[in-house]
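Q:
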Amino acid sequence: MITKKYFNIAILFMIFFILGSITISAKVDIGGEINASLVVILDNQENLSAYPQGSLDLELYIPPFDNNQIKSAVYLYPNPSTGQLDFMFKKLYLKHKFDKLHLTLGRQPISWSFGSMLNPVDFTLGSVVMDEETGSKYQDAIEAYVPLNWNSSVSLIAAFPEGSQDIKWGLRGRTMIEGYDLTLNYVREPEIDFMGTIIPASQRIGFTAKGDLGPIGAYGALGYYFKDNDNGNLAYLIGGDYSYFFEAGNNIYFQLEYLSMKKDNLSSILGPFFAGNVTNNLNENIGLILGMVNYEIDEFSQINLMAISSLNDGSVIIIPGYRNQLSNNLSLNLSTAIYFGKEDTLFGSNVSEGAQQKPKGMIEIGLTYSF
Numbered sequence: 000m001i002t003k004k005y006f007n008i009a010i011l012f013m014i015f016f017i018l019g020s021i022t023i024s025a026k027v028d029i030g031g032e033i034n035a036s037l038v039v040i041l042d043n044q045e046n047l048s049a050y051p052q053g054s055l056d057l058e059l060y061i062p063p064f065d066n067n068q069i070k071s072a073v074y075l076y077p078n079p080s081t082g083q084l085d086f087m088f089k090k091l092y093l094k095h096k097f098d099k100l101h102l103t104l105g106r107q108p109i110s111w112s113f114g115s116m117l118n119p120v121d122f123t124l125g126s127v128v129m130d131e132e133t134g135s136k137y138q139d140a141i142e143a144y145v146p147l148n149w150n151s152s153v154s155l156i157a158a159f160p161e162g163s164q165d166i167k168w169g170l171r172g173r174t175m176i177e178g179y180d181l182t183l184n185y186v187r188e189p190e191i192d193f194m195g196t197i198i199p200a201s202q203r204i205g206f207t208a209k210g211d212l213g214p215i216g217a218y219g220a221l222g223y224y225f226k227d228n229d230n231g232n233l234a235y236l237i238g239g240d241y242s243y244f245f246e247a248g249n250n251i252y253f254q255l256e257y258l259s260m261k262k263d264n265l266s267s268i269l270g271p272f273f274a275g276n277v278t279n280n281l282n283e284n285i286g287l288i289l290g291m292v293n294y295e296i297d298e299f300s301q302i303n304l305m306a307i308s309s310l311n312d313g314s315v316i317i318i319p320g321y322r323n324q325l326s327n328n329l330s331l332n333l334s335t336a337i338y339f340g341k342e343d344t345l346f347g348s349n350v351s352e353g354a355q356q357k358p359k360g361m362i363e364i365g366l367t368y369s370f
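Quick note, in numbering that gives the first Met the number 0, the sequence shown goes up one by one and the last residue is 370.
1. Expressed to the nearest angstrom, what Euclidean distance is found between the alpha-carbon atoms of D211 and L269?
2. Go through the stretch 220-305 residue by residue and report every complete run of the beta strand (DSSP E) that reaches 3 residues or more, in order.
3. Run the CB neighbour count on E295, radius 10 Å, all protein chains shown included, and call it buried at 16 or more, exposed below.
4. Are the beta-carbon atoms of G320 and I307 separated by less than 8 Å?
5. In terms of alpha-carbon separation, which member of G31, A49, Q44 and E142 lies closest to K167?
6. Going by CA-CA distance only, name the one from G340, Y60, N67 and S154 that's closest to T182.
7. Quick one: grab the DSSP three-state call for L359.
8. Which same chain residues end up closer than 6 Å to G172 when comparing Cβ atoms and leaving out the 5 residues on each side of it in sequence?
9. Can you give the beta carbon distance from Y60 to G30, rounded, assuming they're within the 8 Å contact cut?
10. Output the boundary residues of the beta strand (DSSP E) element that contains T182.
11. From this set, N327, N328, T335 and I156, which residue's C-alpha is nearest S110's C-alpha?
12. Might you give, ordered along the chain, the residues of its own chain that have their beta carbon closer than 8 Å to the beta carbon of K226, omitting 5 neighbours on each side?
13. With H, G and I counted as helix, E and B as strand and the rest as coil, what does DSSP make of M0?
14. Per DSSP, what are the beta-bridge partners of P51 in this structure?
15. In three-state terms, what does DSSP make of G82?
16. Going by the beta-carbon positions, is the gap between Q254 and M116 smaller than 8 Å?
17. For D297 and N327, which I take to be in contact (beta-carbon distance under 8 Å), what is that distance rounded to the nearest angstrom?
18. Can you find the residues in the same chain that come closer than 8 Å, C-beta to C-beta, to G222, ignoring five residues on each side of it along the sequence?
19. Please report the straight-line C-alpha distance between A72 and K341, rounded to a whole angstrom.
20. In angstroms, rounded to a whole number, what distance separates the CA positions of E188 and T103?
21. So, with DSSP's three-state summary, where would you put S309?
22. What's the call for P79, buried or exposed, on a 16-neighbour Cβ count within 10 Å?
23. Rounded to whole angstroms, what is the Cα-Cα separation between I237 and K26?
24. Following the continuous beta strand (DSSP E) through K167, name the residue where it begins and the one where it ends.
25. Which of helix, strand or coil does DSSP assign to D343?
26. Which same chain residues, not among the five before or five after M87, have their C-beta less than 6 Å away from its C-beta?
27. Rounded to whole angstroms, how far is the Cβ of T367 from the Cβ of S330, which I believe are closer than 8 Å?
28. With H, G and I counted as helix, E and B as strand and the rest as coil, what does DSSP make of G114?
29. Can you tell me whether F346 is buried or exposed, with buried defined as 16 or more other CB within 10 angstroms of its CB?
30. Consult DSSP for G320 and reduce its assignment to one of helix, strand or coil.
31. What's the gap between the Cα of D85 and the Cα of K136?
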């Protein structure tokens, strides 16, 4: 069986061999983004704590050659557990375009997003949460993409996840019918040993649809989760969005959606941003209402407000934000998160021993410099 370690080594040797065998006359550039911020947290005892944070995204831009494309991007950050600088490859892959096949090998971003704030049928659950990427979006994988015509395609993915010697499989078909974007996918997750905890193998089938109903964009997803010798369960999402443009040129954007699924799978969907209390009553069905409003004040600044509410217990997260483009390369970002809920509710505080404690609120102010 090919392991993750040897797969990465093979990709590196392949890229170095190809680069050493060709002459690239065009210029190779380096770009990226520097983020520096300060996070202030208010805990349940009304204590304030401040944490400086920083990260660096670096990407190597290599021009395409002979139907080949090489992508390399690395993310550097201070590891809070070790206190040292750590890194993660976001991209390290080789892509070759045959006549009727696009083959991509290596570390690559994989997400089957369709415009929703949460996605219950993604290749990796929680890879994109409320328009924010997580580390699980980047996979060591082989992807075969077959374009059937201008609006239809089929893709097959074999990925090598952390903590498993087995392969994670994914198959996705996509087409357009009378203006509606339709997809059907299948994922088989292997058994994973996560810090001594064995997560059994699981499978899921997903369907998504997206189109316009007059001035409103409508979308939805239906997923079926199942394991060997276990009863399956359904998850579904329905949502819509709407934009209004003012005469001055600015606009306001609304998005609203409803998600229903078993509590057992919810922690993966919500991702690390919203680690709720999902340790008890795992077979309980959870209903979430999500909303977002984004207003462009002018071409340089915008404000937004996002919220998630659990219909089961009434707990809520409210996330206001502000962004200002200070110059061509520098932007100011301000975001907050406020938690409302009784003890041991989904987004409320924890009282169970060993449970992850959530703050009452937090605020982050930072600068982003792009180059």
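We treat Cβ as the ideally placed atom computed from N, Cα and C, and that holds for glycine.
A: Answer, in terms of the structure:
1. Separation of D211 and L269 (C-alpha to C-alpha, rounded to the nearest whole angstrom) is 27 Å.
2. Correct list: 232-244, 250-261 and 284-295.
3. Buried, by the Cβ-count rule.
4. Not closer than 8 Å, so no.
5. By alpha-carbon distance to K167, the top candidate from G31, A49, Q44 and E142 is E142.
6. Looking from the CA of T182, the closest CA among G340, Y60, N67 and S154 belongs to S154.
7. Strictly speaking, residue 359 in this sequence is Lys, with Leu absent from that position. Three-state DSSP puts K359 in coil, outside helix and strand.
8. Cβ within range, chain order: V153 and L183.
9. Indeed, because the Cβ distance is near 6 Å, the residues count as touching under 8 Å.
10. Residues Y179 to E188.
11. Between S110 and the set N327, N328, T335 and I156, the nearest pair of CA atoms involves I156.
12. So the list reads P199, A200, S201 and Q202, once near-sequence residues are dropped.
13. Residue placement at M0 is flagged as unreliable, the pLDDT there being 48, under the threshold of 50; the coordinate-derived value follows with that caveat. DSSP places M0 in coil when its eight states are reduced to three.
14. Partner(s): L37.
15. Looking at G82 - three-state DSSP - the assignment turns out to be coil, as it is neither helix nor strand.
16. Contact: yes.
17. About 15 Å separates the CB atoms of D297 and N327; that is not less than 8 Å, and the two are not in contact.
18. The answer, listed in chain order, is P119, V120, R203, I204, G205, F206, L233, A234, Y235 and M260.
19. In a straight line, the C-alpha of A72 is about 42 Å away from that of K341.
20. Between E188 and T103, the C-alpha separation is close to 20 Å.
21. Strand, per DSSP.
22. The residue in question, P79, is exposed, as its Cβ has fewer than 16 Cβ neighbours within 10 Å.
23. So the alpha carbons of these two residues sit roughly 46 Å apart.
24. Segment K167 to I176, the beta strand (DSSP E) holding K167.
25. Reduced to three states, the DSSP call for D343 is coil.
26. Result list for M87: Y74, in chain order.
27. Contact between T367 and S330 holds, with the beta-carbon distance rounding to 5 Å and staying under 8 Å.
28. Here G114 sits in coil by DSSP.
29. That one is buried.
30. In this structure, G320 counts as strand in the three-state DSSP scheme.
31. Their backbone Cα atoms lie some 18 Å apart in a straight line.
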